[in-house]
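Worksheet: the structure to be examined is printed underneath.
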Amino acid sequence: MTSLLTNPLRVGLRQERVITPQCIVIFGASGDLTHRKLVPALFELFRQRRLPSEFAVLGCARRPWSDEEFRSRMAASLAAEIADHPGAWEQFSQGLYYEPVDLQQSDHLVRLAGRLEVIDRHRATRGNRTFYLSVAPEFYGSGCRALAAAGLLSDPERSRVVIEKPFGRDYGSAQTLNKVVQACAKESQVYRIDHYLGKETVQNILVMRFANTIFEPIWNRNYISNVQITAAETVGVEDRAGYYESSGALRDMVQNHLTQILALTAMEPPGRFDAEAIRNEKAKVLQAARLADEQEPWRCCVRGQYGPGGSASRPLPGYREEPGVNPTSTTETYVAMKLFIDNWRWQGVPFYLRSGKRLPKRISEVVLTFREAPVHLFDAAGGAPTPNQLILRIQPDEGAEIKFEVKAPGSGMRSRPVDMAFSYDDSFGEPSDEGYVRLLADAMLGDPTLYTRSDEVEAAWRLYTPLLELIEEAPWQLPVQPYEARTWGPAAADNLLAEDGLIWRRP
Amino acid sequence: MAAQLTLQAPQEVPPSEVSPYLDRLWQGALEGSTGAATFTLLVWEPSWLEQQMVRTGLVEGPIRGLDRDDVMAAARQAVSDCGLPFSTAPCDPRLAWALGQRPGDRHAVDLRGQFVESAISVHRPRRLITLAPTIDAGRPLETMVAAYCPLPEEGGAGDACGDAVVLRGGIGALQQNLHLIQPLVGTELPCWVWWNSSLDEPHDMLEALAPIPRRLVIDTSLGEPRRCLEVMVERIRAGQAVNDLNWLRLRSWRESLAMVFDPPSRRDALAHVVQLDIDVEGDHPVKGLLLAAWIADRLGWHLVASSAIPPEPGGGYGGIAAEFERGDGACVRFRLMTVPVGVPKQHPGAIVGLRLICEPLSRPALCVILCSESGGCMRLESGGMASMELAEELVPLPEENEEMEMARLLAGGHDSTNPLLAAAAPLAAELLPD
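Protein chains in written order, with this note's numbering: chain A, 34 to 540; chain B, 901 to 1334.
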């Protein structure tokens, strides 16, 4: 959201819980995520007075840094924020520590446990610890095992572990990883992060649906004809080729982010607002979801890969020309698919998901298209009345929009569509917190509502299993189709909807 | 939320045996439970009103010390029976005092400290210490101890996670045994002291119970206004973490006013405020002053002068007039009027309405009126605003009782005074004319 002039009456009004005294231990502290997201998020929490004075951050990685070196590296990453709040950084950085640790070395874990006890004494953190595994995915399981073997996860009330995405590569590996993790810690200690759930507008899907009475009665197959969920990026693979080559759009975006949005959009109302009630409903709806054609998944799914594009003055390379990408790569940078949810609410309503890189706009949104009026009484400016649509804009220009027909001015009774729009910027004008600020705070507060539970993760992987197996075993049946960079994906994606007499919304 | 009883029947033990008994409890019967590493909550819980109403037969026992609908309903009735003004809030300490002058000798079981509001217990206080003075000033000290735990559906585990200690007796007995408190509080965990009574009560008890660094919770709607503000300001200046339930109850007013100016298109009007009016119930101005002080602080106004507005003959309580200077040197007029109401809120000095008039240079004047949802604010709606852009909102009444407000504070867990309150409190004290 755009940062506008702050409302002076808004400052300090949020009544949020202070995190209990504790030490957050970040594994992978020399990595990109730590200095770009995690430490800035913790500093932001400190500035918001949400961290207690009894708080410490212990960075861990294999590099032989000292506390001072860690602090100065973090300070370099946060230079702009520190320039605005030098006093706050001075205080905050006193709680930053570093310990060289290789999670595969048991003696390192023994040393780590000792260091944590020293920090407990110096910072009065009372043995409360959050372990954040910001390491390569192949180390999630062994990392948990190492922590458990060192006795660092033995107190379920005082220790928890946050695991970054991706949680597994498919249904089988997710199951295996869940078993490993659950052998090391109780489910209540495990926080599987999906940073999309930290977005204000993703959480707003819940509030829109369940804090209003006008939407929920029509939020079903009787009134909704189809749902489109889009996450479009303008950027290419950038410097993530190494990871992206082995994941692709399906694993990178759809299985986690888009599926979480799908779950929030389609879930039943929870009985109460607590973590288990919400996660129960999300898991249930994902368990009821399926590809539109599981036997022949190529009929309900399109994969694409961006080719060269752009303009003569600013040409854009194709995916296969990007640094680090195999020149014959068949990794998809675009995926579109059609799903159904087999339950009373959604039976027969198609859900269309699409996500891609190098598309014309950066946009994430959910579009619910309502059924047409049963009888057309009026002439419509567009020939036929435009179906009502509710558009939940997740980013950018966060907000919501309803499209409906009104009488066009003048004699006669012609109708035309208009928009009724809500914009976070216009209504609040305040920047919202970065997703990691919210999610880190929740983990340290022991609130897992916005984290995915083991059954949710498994249900999400199971949903795409026919597709993943097809790509693995018979990729020629679902080839990556080229599309020009900065276009809306391959033509086959349009055909996917055209078969149902629909078109993708052009945001 | 329903209140919970302690896990076991409270055990009465001699005062000198309290600490040893607790040690035995944790090392013996509750062995294996680590207990909660959270905080200690020390509550001064006289419940004078409830005690007097039970004594005079206006309500039945037992005495519990928690907010009770039947006590509030009977208190409203008792206001007129005692000859107090209709605007007297049921929690006004003057009502308990007036009831104390009436005859009665009924008794009831006293369960203060033995009920734990689940909104509080869900935060797992490690120790809950209740000081329960009795209206019989000569009563000797009784001490009771019990283990407690939040219910599983409220997030609690099966293990006992804390204990509750009750010290009950006449004021004299409590004062003589204050030395018992420090060992019970300890130093390892943060301690919150909830002064759940009027700030007019003897100073020495507050001093004894709430030294720094204990975190203090008071209610500046209870007690003589100047005394309330002085206690709060002194403690904040001394560096104590002070929380005021009266300030917390302003939350919906502050939120509603902020919401009016959330749209960026309205923001610039805040730099051009020329007039602020606040109406409060009865004759207790502290809440209104805190609201005005918060606005003044947030908008960078400087107090020039304040004075009392004498009551109008035949009605009303009068008020306070003040003049602020904006950052650009322009003047802001402020009036706080204390107005009579037929059905006052539970606590003295509730806000009735607020009016803020802004005169931006390049657009029509803006008049913001916030009105309590439980009553009208015709006084603020009248008077020459026809040409202004009008933004009028109803402010919802909070539905939370004392214990839930307290629980919210404990959940917040701050170890310092809220900076907004720290800035507003001294200014509110300055606004109160001598």
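From the three backbone atoms N, C-alpha and C, an ideal C-beta is built for every residue, glycine too.
query, result
"C-alpha gap between residue 1038 of chain B and residue 1071 of chain B, whole angstroms", "7 Å"
"Cutoff 9 Å: residue 463 of chain A Cβ touching any chain B Cβ", "yes"
"Where residue 1006 of chain B falls, given that 16 or more other Cβ within 10 Å makes a residue buried", "exposed"
"Host alpha helix (DSSP H) of residue 315 of chain A (start-end)", "308-321"
"Given 8 Å, three or more beta-carbon pairs between the segment 949-964 of chain B and the segment 1002-1021 of chain B", "yes"
"Delimiting residues of the alpha helix (DSSP H) encompassing residue 237 of chain A", "233-243"
"Residues that residue 1314 of chain B contacts on chain A, provided the C-beta gap is smaller than 7 Å", "51, 82"
"Contacts around residue 1199 of chain B, its chain only, beta-carbon distance under 7 Å, and the 5 residues preceding and following it disregarded", "1170, 1173"
"Whole-Å CB distance - residue 489 of chain A paired with residue 378 of chain A, under 8 Å assumed", "Contact flag wrong, Cβ pair sits at about 18 Å."
"Same chain, Cβ closer than 6 Å to residue 412 of chain A, five either side skipped, listed in chain order", "447"
"Residue closest to residue 33 of chain A, alpha-carbon to alpha-carbon, out of A:402, A:222, A:67, A:459", "Any question about residue 33 of chain A goes unanswered here, given that chain A covers just 34 to 540."
"Own chain, CB closer than 6 Å to residue 426 of chain A, minus 5 neighbours either side, in chain order", "398, 432"
"When B:1094, B:1195, B:1090, B:1248 are compared against residue 1184 of chain B, the one with the closest alpha-carbon", "B:1248"
"Residue 85 of chain A at chain B interface by Cβ criterion, 9 Å", "yes"
"C-beta neighbour in chain A for residue 940 of chain B, strict 9 Å", "no"
"Beta-carbon separation (whole angstroms), residue 1332 of chain B vs residue 1189 of chain B, contact threshold 8 Å", "6 Å"
"Contact check, residue 562 of chain A vs residue 195 of chain A, beta carbons under 9 Å", "Residue 562 of chain A lies beyond the range of chain A shown here (34 to 540); nothing can be said about it."
"Reduced DSSP secondary structure (H/G/I, E/B, other) of residue 603 of chain A", "Coverage of chain A is limited to positions 34 through 540, which leaves residue 603 of chain A absent and any answer about it impossible."
"Buried or exposed by the 16-neighbour rule on C-beta atoms within 10 Å, applied to residue 35 of chain A", "Low confidence applies to residue 35 of chain A: its pLDDT is 33, below 50, so where it sits in the model is not reliable, and the reading given next is rough at best. Classification for residue 35 of chain A: exposed."
"Every unbroken beta strand (DSSP E) within the segment 464-525 of chain A, with a cutoff of 3 residues, ordered by chain", "513-518"
"Integer-rounded CB distance, given that residue 1069 of chain B should sit under 8 Å from residue 1041 of chain B", "4 Å"
"Distance, residue 1302 of chain B Cα to residue 246 of chain A Cα", "30 Å"
"Buried versus exposed, by CB contacts within 10 Å (16 or more), residue 1306 of chain B", "buried"
"Three-way DSSP call (helix, strand, coil) for residue 1057 of chain B in this model", "Because residue 1057 of chain B sits at a pLDDT of 49, beneath the cut-off of 50, its placement in the model cannot be relied upon, and the following sentence gives the value as read from the coordinates. In the structure shown, residue 1057 of chain B sits in coil (DSSP, three-state: anything other than H, G, I, E or B)."
"Nearest candidate by alpha-carbon position, reference residue 1243 of chain B, set B:1165, B:1193, B:911, B:984", "B:984"
"Contact set between the segment 1177-1204 of chain B and chain A, restricted to residues whose Cβ is under 7 Å from the partner", "1198, 1199"
"Proximity winner among A:88, A:69, A:75, relative to residue 56 of chain A (alpha-carbon distances)", "A:88"
"4-residue-minimum alpha helix (DSSP H) runs that sit fully inside the segment 1102-1168 of chain B, ordered along the chain", "1103-1109, 1125-1137, 1145-1148, 1151-1160, 1164-1167"
"C-alpha distance - residue 1055 of chain B paired with residue 189 of chain A, whole-angstrom precision", "Low per-residue confidence applies at residue 1055 of chain B: pLDDT is 49, beneath 50, and the placement is therefore not dependable enough to give any value."
"Option nearest residue 1159 of chain B by Cα separation, candidates B:1270, B:1209, B:962", "B:1270"
"Burial state of residue 1079 of chain B, where buried means 16 or more other Cβ atoms lie within 10 Å", "exposed"
"Extent of the continuous alpha helix (DSSP H) to which residue 177 of chain A belongs", "173-182"
"Closer than 9 Å to chain B by CB, residue 460 of chain A", "yes"
"DSSP three-state assignment for residue 1333 of chain B, whether helix, strand or coil", "coil"
"Cβ-Cβ distance between residue 1152 of chain B and residue 945 of chain B below 9 Å", "no"
"Pair within 9 Å by beta-carbon distance, residue 517 of chain A and residue 339 of chain A", "yes"
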